[in-house]
Amino acid sequence: MKVLMIFDQVQAGQGGKENPNLPLGGKSMAIGSASMLEPALKEVNGKVVACLYCGDGFFKDNRDEVKLKMTAMVKKINPDIVICGPAFNYAGYAEMCAVLAYEINEKTNIPAIAAMSKENEQTILDYKDLVNIVVMPKKGGTGLSESLRNICSLARKKVDGEDISEYLKEICY
Amino acid sequence: MLASLEKVLMPIADRLGKNKVLVAIRDGFLISTPLLIVGSIFLLIANFPVPGWSEFWTKYLGVDWELWFINVSRATFNIIGLLTCVGTGYAYSREIKGDKIQGAVVALVAFIILMPTRIPFEGVDGPATMNALGFEYVGSNGIFLALIISLTSVSVFNWAYRKGWTIKMPEGVPPAVCDSFAALIPSAIVIGLFFFIRIGFEFTPFETAHNFIYTVLQAPLQGVGNTLVAQIVYSIVCTLFWFFGINGPAVANTVFAPITKILTIENLEAFQAGLPLPNIFTDPFSNFFTGFGGGGSTLSLVIVMLLFCKSKRINQLGKLSIVPGIFGINEPIIFGLPIVLNPVLIVPFIGVPLINLILSTFATKAGIIPYTTGVSLPWTTPIGFSGYLSTGSLFAGLWQIGLLVLGCVIYYPFIKMLDKQYLKDEEDAKNNLQEEEDISFEDLSFDDF
């Protein structure tokens, strides 16, 4: 299972809150917090083939451009699944995850899922019926590795085309 | 092994993080923290660690100019008991979803009801007593009593409130007026309860609740917290939890915050009064001599990443993290390197602060670096300055630099392991896949959209 991940500047290992204007970029390997998912991905026989990233501020200022280019790039790389997250309680990034996952699901036939903590109330309210958003803790909260395992097994189930309606109730908003 | 460790730790973190009483205690102290920092600045101006400072200003400002500044510092940390009572009362009311400000003030009133108010003094005709509030009781000695009273009074207040024992106003009365009447009976119950508690204590050998709590609870707990063993436990909890993505200090402080606060304020009170400093394990000691540069003392890690790592990712992250790192912010490292769930880096992440703690404790005991004065600087104060300002000794600043270098040496082999692996990943991406490692968004086609 080829996995593509979409990050903000923090998760990509490209700085912190002071670097929100990081332009679109990517690497054809696992970078930044992708390594947090690797053990769980291995369990479901997945591998990160590419990571795309963009600062949350850049996304806010160039929404349409980011949507278009990210989707086109996903299509070009053609992974089996796209994971937008883990977004913790980074509000700007969480919104970006939901928006991009929705866009990718709409415009391509590659499934995309998102993951964020419950603090992103508005985004979850707006997108929970449009995108599979996996429940995860805020930064520093408990239950991170379990939620990472949930993200990976949901990815697997989606790629395999399993019936996931019950599973979604368990792990998504 | 890590998975089974997680099974043990997760429920602990969960329980501590969700326990409303512990969260209220931790967050209650956060309310007084900014005030302590501002008060500390005033105290620091009055006692700036430069020889001849006091004499220099006396020439311009007159004798006893320091007292102007001490009036301010005293108004913050010498009333820490009161601030704790209000802060915890507020935070606990918030946790149990009650009236926050009403909870805070009813706690304050209950605290004063139990306060010893016959203060002995040396009168013209010999020893006498007067009715007053003593700094002795509203300061650090009153912290535990303040915690107990605010938690109890807020609980009782809300219990009465939820029973519906309130005076209800007709519709159309403004909400502020309604709230005030609604608080009347619950407040009366709290005040009545503490009225009897005070009388009850007068029949015991302790005479006051203050003496009782101080002797039975605060002094023993403080004694336990003020040991190297307890501090080692604290340090390990702070870092180990981060490995699982859990904010370690937030967990540890639910238990340790009251004790560390007391130890810190005791030093401040002694410093202000010009007495010998009693405690090693204060907040500034923990912030600036054990875990400086962010949890895990990651400033050392960032320096090694910047100077010695060759993989693009690590080196780039080092460059981006050095400035935040100098100010003790390490979020880019925690999630971006990452530290979370990274079995390679967890060893030095736990080890470096632990070694700093042990070395600094012995250095303080041996008189190599002075005791911290308790002056509370923001935890973002860069090292070198923080060591100097929190002790008044330039050598303590140098000591920090020494620890920083030692931290680099310890982090080096571990981050190099990761660096090698990342370098290999980067090489593989270049050679095997016959494609650019960097993904370019320049030549995309949008024909399909």
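In the order they appear, the protein sequences are chains G and Y. The first sequence begins at 11 in this note's numbering and counts up by one. The second sequence begins at -2 in this note's numbering and counts up by one. Every residue gets a Cβ at the ideal spot worked out from N, C-alpha and C, and that includes glycine. The structure displayed is predicted, hence computed values, not measured ones.
Judged by beta-carbon spacing, residue 285/Y lies within the 8 Å limit of residue 380/Y, meaning their Cβ atoms are closer than that value. Take residue 160/G, set aside five residues on each side of it, and the residues of its chain with a beta-carbon closer than 7 Å to its own are 144, 181, in chain order.
Here the segment 137 to 151 of chain G lies against the segment 101 to 117 of chain G, with 3 or more beta-carbon pairs under 8 Å apart. According to DSSP, residue pairing for residue 62/G in a beta bridge involves 16/G, 36/G. Not flagged as an interface residue toward chain G: residue 324/Y, since no C-beta distance is shorter than 8 Å. When Cβ pairs closer than 8 Å are counted between the two stretches, the segment 158 to 172 of chain G is seen to touch the segment 116 to 134 of chain G, the count reaching three or more.
Shown here, residue 172/G sits in coil according to DSSP, grouped into three states, outside any helix or strand. Beta-bridge pairing by DSSP links residue 235/Y to no other residue. Between residue 59/G and residue 14/G, the C-beta spacing is below 8 Å. Residue-level contact check: residue 374/Y does not touch chain G, since none of the beta carbons of chain G fall below 8 Å from its beta carbon. In the three-state scheme derived from DSSP, where H, G and I count as helix and E and B as strand, residue 145/G is classed as strand. Within chain G, no C-beta atom comes nearer than 7 Å to that of residue 19/Y; the closest sits roughly 14 Å away. Per the coordinates, the alpha-carbon of residue 176/Y lies some 9 Å from the alpha-carbon of residue 163/Y. Here residue 149/G is buried. Its C-beta has 16 or more other C-beta atoms within 10 Å. Residue environment: residue 164/G is assigned as buried (16 or more neighbouring CB atoms within 10 Å of its CB, all protein chains considered).
Counting along the chain, residue 48/Y sits inside no beta strand (DSSP E), nor does DSSP assign it H or E at all. Across the structure, residue 255/Y and residue 117/Y are spaced so that their CA atoms are roughly 29 Å apart. Residue nearest to residue 69/G within the set 40/G, 87/G, 43/G, 17/G is 17/G (criterion: CA-CA distance).
When only Cα atoms are considered, residue 404/Y and residue 179/Y end up about 58 Å apart. For residue 393/Y, the enclosing alpha helix (DSSP H) covers residues 391 to 428.
For the segment 229 to 262 of chain Y, the residues whose beta carbon sits under 7 Å from a beta carbon of chain G are, in order, 241, 242, 243, 244, 247.
Under the three-state reduction of DSSP, residue 92/G is assigned to strand. Listed along chain G are 45, 46, each with a C-beta nearer than 9 Å to that of residue 339/Y.
Against residue 436/Y, the close residues of chain G are 35, 36, 37, 38, 60, 62, 83, 87, in the order they occur along the chain (beta-carbon pairs closer than 8 Å). At a cut-off of 8 Å between beta-carbon atoms, residue 133/G makes no contact with chain Y.
In summary, residue 98/Y is exposed, with fewer than 16 beta-carbon neighbours lying within 10 Å of its beta-carbon over all protein chains present. Proximity of chain G to residue 328/Y at the Cβ level (cut-off 7 Å) is accounted for by 20, 26, in chain order.
Counting along the chain, residue 126/G sits inside the beta strand (DSSP E) bounded by residues 122 to 126. Contact annotation for residue 178/G against chain Y: no contact, minimum CB-CB distance about 23 Å [criterion: below 8 Å].
Per DSSP, residue 118/Y is one residue of the beta strand (DSSP E) stretching across 115 to 120.
Cα atoms of residue 45/G and residue 39/G: separation of roughly 10 Å, rounded to the nearest angstrom. Proximity of the segment 274 to 284 of chain Y to the segment 328 to 348 of chain Y falls short of the contact definition, fewer than three beta-carbon pairs being nearer than 8 Å. Residues of chain Y whose Cβ lies closer than 8 Å to the Cβ of residue 155/G are, in chain order, 3, 241, 242, 338. A straight line joining the alpha-carbon of residue 244/Y with that of residue 238/Y spans about 6 Å.
The beta carbon of residue 12/G sits closer than 6 Å to the beta carbons of 59, 89, 90 from its chain, once the five residues preceding and following it are set aside; these are given in chain order.
Listed in chain order, the beta strand (DSSP E) runs fully inside the segment 260 to 295 of chain Y amount to none, counting runs of at least 3 residues.
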